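Report on the following structure.
In this note's numbering, the protein residues as written are 1 to 265.
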């Protein structure tokens, strides 16, 4: 369009640092919301230092404390920059799988999503989401963030969120489809650098196109700070003891670790 204004915005999509739930290879989502553990705080510090000499105009996080803590580490090096939280960027709701070990159903669900491409498949349990449903709440929020940044002349935006949500956002933005989620796996405290072109017309309508400059980068972290646990490793070394671990939120709203009873044979 002849009246179109093209604004370039760089999005840094950042996964939060490690938590004690991550450390146990258990599932986190919207409901299970632990703070960072010691390793996670060190990872967040590495993320913050990565941006100390990089222009940052806006820091955005989900409403989860692990994301806010990680975003605050960036804010330490940019104290005058706005720091805002958006619940629409919270992790996908994993329903009955939240708090449970990844080998008790989560990894099977991921295969259906990433290999069988069943993006409409909802996680088990009440209130759970599918990747498609998660995209329907997250992508309008990303669009709003880009539009606001473009309108304000903010060219560099950090967005701190979660593994599956970032996979969904990258697949949707870069490929226009959730069929490619599986290729955007995220290490803890990984940084993704995305160049976005926000195109607006005289009527105030916007569209967005995106190009990835870096995906799942952990080059900002020394080897000793990287997380040592993974879903793939858990599947390769399955343990009944690990599978009986369960994180739950008690009646006081406190996250507690419980051990389930073994199933009778």
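Note that beta-carbon positions come from the ideal geometry of N, C-alpha and C, so glycine has one too. Computed from a predicted model, the values in this text were never measured in an experiment.
For residue i, the first and last residue of its enclosing beta strand (DSSP E)
i: residue 160; result: 156 to 161
Beta-carbon gap between residue i and residue j smaller than 8 Å
i: residue 194; j: residue 171; result: no
i: residue 98; j: residue 165; result: no
i: residue 161; j: residue 67; result: yes
i: residue 54; j: residue 71; result: no
i: residue 212; j: residue 168; result: no
i: residue 39; j: residue 225; result: yes
i: residue 119; j: residue 93; result: no
i: residue 145; j: residue 159; result: yes
i: residue 16; j: residue 138; result: no
i: residue 178; j: residue 131; result: yes
i: residue 7; j: residue 150; result: yes
i: residue 105; j: residue 125; result: no
i: residue 24; j: residue 196; result: no
i: residue 156; j: residue 191; result: no
i: residue 56; j: residue 14; result: no
Exposure label - residue i; buried when at least 16 CB within 10 Å
i: residue 128; result: buried
i: residue 256; result: exposed
i: residue 163; result: buried
i: residue 152; result: exposed
i: residue 62; result: buried
i: residue 12; result: buried
i: residue 80; result: exposed
i: residue 186; result: buried
i: residue 115; result: exposed
i: residue 184; result: buried
i: residue 10; result: buried
i: residue 18; result: buried
i: residue 254; result: exposed
i: residue 260; result: exposed
i: residue 265; result: In this prediction, residue 265 has a pLDDT of 43, which is less than 50 and means its spatial position is unreliable; what the coordinates show is noted afterwards. Its Cβ having fewer than 16 others within 10 Å, residue 265 is exposed.
i: residue 42; result: buried
i: residue 33; result: buried
i: residue 30; result: buried
i: residue 2; result: Below a pLDDT of 50, predicted positions are generally treated as unreliable, and residue 2, at 37, falls in that range; no measurement from the model is reported.
i: residue 69; result: buried
i: residue 22; result: buried
i: residue 216; result: buried
i: residue 232; result: exposed
i: residue 52; result: exposed
i: residue 75; result: buried
i: residue 100; result: buried
Bridge-paired residues (DSSP) for residue i
i: residue 249; result: 255
i: residue 210; result: 196
i: residue 101; result: 26
i: residue 191; result: 14 and 217
Unbroken alpha helix (DSSP H) run spanning residue i, endpoints
i: residue 231; result: 231 to 236
i: residue 116; result: Counting along the chain, residue 116 falls outside any alpha helix (DSSP H), and DSSP gives it neither H nor E.
i: residue 91; result: No alpha helix (DSSP H) holds residue 91; DSSP gives it neither H nor E.
i: residue 136; result: 131 to 152
i: residue 242; result: 240 to 243
beta-carbon residue i near the ligand ATP non-hydrogen atom, thresh 7 Å
i: residue 247; result: This structure simply doesn't include the ligand ATP, nor any ligand for that matter.
Point to revise | Continuous alpha helix (DSSP H) assignments of at least 4 residues falling wholly in the region 16 to 88 | key: The qualifying runs are 20 to 23, 38 to 50 and 65 to 75.
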